[in-house]
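If you count by this note's numbering, then the sequence shown holds residues 349 to 808, one letter each, in order.
Beneath this line is the structure, given in structure tokens, with notes to follow.
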Amino acid sequence: MRYLSVAAVAGLLLSGTALAAPPVASDEALELAKKAIALRSVRGPDNKTPEVAALFRDALVAGGMPAADVEITRVDDTAYLIGTWRGSDPKLKPLVISGHMDVVEAKPADWKRDPFTPVVENGYLFGRGATDMKLDGAIAISALNDLRRTGYKPRRTIIIEFSGDEETVMTTSGLIADRLKNAELVINIDGGGGVLDETTGKPKYWTWQGAEKTYADIRLTVTDPGGHSSAPRPRNVIVVLSRALDKIGAYRFKPEVSPLTREALTKAAQFEEPQTGAAMKAFAANPADESAIAVLAANPATVGIIGTTCIPTLISGGHAENALPQRATANINCRIFPGHKPADIMAELAKVAGNPEIKFEDVTEGSVPSDASPMRPDFVAAITRAMAKVYPGVPIIPSQSSGASDSMYFRFHNVPSYGASPTFIKDSDSFSHGLNERTPISNIAPGIQYYRSVITDLSK
Ligand SMILES: [Zn+2]
């Protein structure tokens, strides 16, 4: 997944004075990304994710990582990779750099270019995975290799890992987090990132992601013996369910802020149009401010950050035009504010429905609850220093996503995980998961410098 939480608005102009990364590392990163894009790592028949794993392993080994320390594990039609750079102090828990190798399906007929033929044109790398997230993966690998070339010796063990089904079922994501649940901290290079100004093309702001809402599906079911529609009874399960959905649809969970969303709202307010920005600041200061809540709740871009949301997404009922319905069901999709258990949210919905005839079940698949990661001073200091080196003066804004990434599984194990990709892109160029995906290659040199700085600070 690749998601920036703050909508861009033209305005603040800042100069990016990116330091040059060693050309060897930059060339290596671009070549590696191109080779990875050419491998169609899409779930299903002929999934080339295991070949991407072999490509990344070979790159790490060529960079000096012992072959015995790079492990590829096959899982169904995919694979995951864990590479270990052993630190000098085995008592320190490892630093994990986390990414994924799979991509979302791309239909060549819909694209201007073949999605699996990488092309560099007008300063952009084009291809499926250019944004999400083969270029990021290649930049991180090249940064590690570059650190080795310059003789760096970490005290803390550094692990770089790539899952193989992040975009679909996340089986490998869960397996990796289970194995690495003793980690000190995770830098997830599939999250966070920067926005370039639409007019000037210069860095406007950069976000890191410290929390994700928990995904849950709640099924409501009402049943009845049924009968002939010519002889109706007072109780009709479709009507019973409809009344409950009407109440749930009108219900608003209590708006709330966390330390992370308070800072996110306060700092991001300057990039929003004035009414939204003012509401963000007012809500951050007082989460009971009704006029601020009204503005933020009415805006699809901000409703998710002010609390839990649950909405009906599927409905079915009845079995024939001329029969009393025997069953009616609905799915309620919830995005739960970090810190709440899905069972508590389900109980709250049942109370809102107020009808014990309706059965409530949690039917969530492929998701685990995760709390926000703390705003750790060592992490915040490391990214602040790194950004100051490569993009001095660019505002740094924390964020909470409404979707889920591999960080969910680490946070489930209480391992702090932070989306912190150094890649900047214009909103108008952001086509991750979409058509004609592309990323400016001007990200490569500063990206390598950024990783060198962050990884060194957190492992020395
Ligand atoms: Zn992704």
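Positions of the beta carbon are idealized from the N, C-alpha and C atoms, including for glycine.
Fair warning: this is a prediction, and the values are worked out from it, not measured in the lab.
Inter-residue spacing [alpha-carbon to alpha-carbon] between residue i and residue j
i, j, result
"T519", "I566", "22 Å"
"V742", "L783", "29 Å"
"I659", "F685", "14 Å"
"A427", "T657", "34 Å"
"A356", "F619", "Confidence in A356 is poor, its pLDDT being 32 and thus under 50, which makes the residue's placement too unreliable to answer from."
"D538", "L380", "17 Å"
"D462", "T479", "16 Å"
"A617", "T609", "12 Å"
"P717", "A736", "34 Å"
"F631", "W459", "42 Å"
"S353", "A691", "Low per-residue confidence applies at S353: pLDDT is 42, beneath 50, and the placement is therefore not dependable enough to give any value."
"S807", "N536", "16 Å"
"E669", "S590", "18 Å"
"E638", "R683", "21 Å"
"P393", "I430", "24 Å"
"Y553", "I744", "6 Å"
"R600", "L697", "10 Å"
"S790", "G471", "7 Å"
"L688", "G655", "Here residue 688 turns out to be His, not Leu, going by the sequence shown. Using only the alpha carbons, I get a separation of about 10 Å."
"T771", "I641", "32 Å"
"L613", "K629", "6 Å"
"Y799", "P442", "16 Å"
beta-carbon residue i near ligand 1 non-hydrogen atom, thresh 7 Å
i, result
"E509", "no"
"M628", "no"
"M481", "yes"
"E453", "no"
"H448", "yes"
"D513", "no"
"D538", "yes"
Residue i - DSSP class collapsed to helix/strand/coil
i, result
"S664", "strand"
"Q557", "strand"
"F772", "strand"
"L629", "Leu is not the amino acid found at residue 629; the sequence shown has Lys there. The answer is helix: DSSP assigns K629 an H, G or I state."
"R388", "coil"
"V451", "coil"
"K383", "helix"
"V354", "With a pLDDT of 43 at V354, under the threshold of 50, the predicted position of this residue should be treated as unreliable, though the coordinate-derived value follows. Reduced to three states, the DSSP call for V354 is coil."
"V423", "strand"
"K689", "coil"
"I731", "helix"
"T397", "helix"
"S374", "helix"
"V543", "strand"
"L440", "coil"
"Y766", "strand"
"E469", "strand"
"G431", "strand"
"R800", "helix"
"R405", "helix"
"V651", "helix"
Terminal residues of the beta strand (DSSP E) in which residue i lies
i, result
"G779", "The question names Gly, but residue 779 in the sequence shown is Phe. Element bounds for F779: n/a, residue is neither H nor E."
"N536", "533–536"
"G512", "No beta strand (DSSP E) contains G512, which DSSP labels as neither H nor E."
"P607", "P607 -> not in any beta strand (DSSP E); alpha helix (DSSP H) instead, spanning 607–616."
"R461", "That residue, R461, is in no beta strand (DSSP E); it is neither H nor E in DSSP."
"S747", "744–749"
"T562", "562–571"
"T656", "Looking at the DSSP string, T656 is not in any beta strand (DSSP E), and its letter there is neither H nor E."
"A678", "675–684"
"D710", "707–710"
Residue interval of the alpha helix (DSSP H) (run including residue i)
i, result
"A457", "Element bounds for A457: n/a, residue is neither H nor E."
"S790", "Looking at the DSSP string, S790 is not in any alpha helix (DSSP H), and its letter there is neither H nor E."
"N493", "482–497"
"S590", "585–598"
"F760", "755–760"
"I641", "638–645"
"G522", "519–527"
Nearest residue (CA-CA) to residue i, options the options
i, options, result
"K529", "D805, H761, E620", "H761"
"R527", "A592, G542, E696, V444", "V444"
"G575", "A793, L672, G411", "L672"
"G702", "D805, R786, R583, K595", "K595"
"P607", "A407, G597, G751, N634", "N634"
"D775", "F464, T397, V802, D545", "D545"
"G597", "P648, T661, V605, D572", "T661"
"D805", "D754, F727, F779, R786", "F727"
"G435", "W556, P622, K501", "K501"
"M481", "A720, A627, T397, V588", "T397"
"V517", "A730, V418, V409, S753", "S753"
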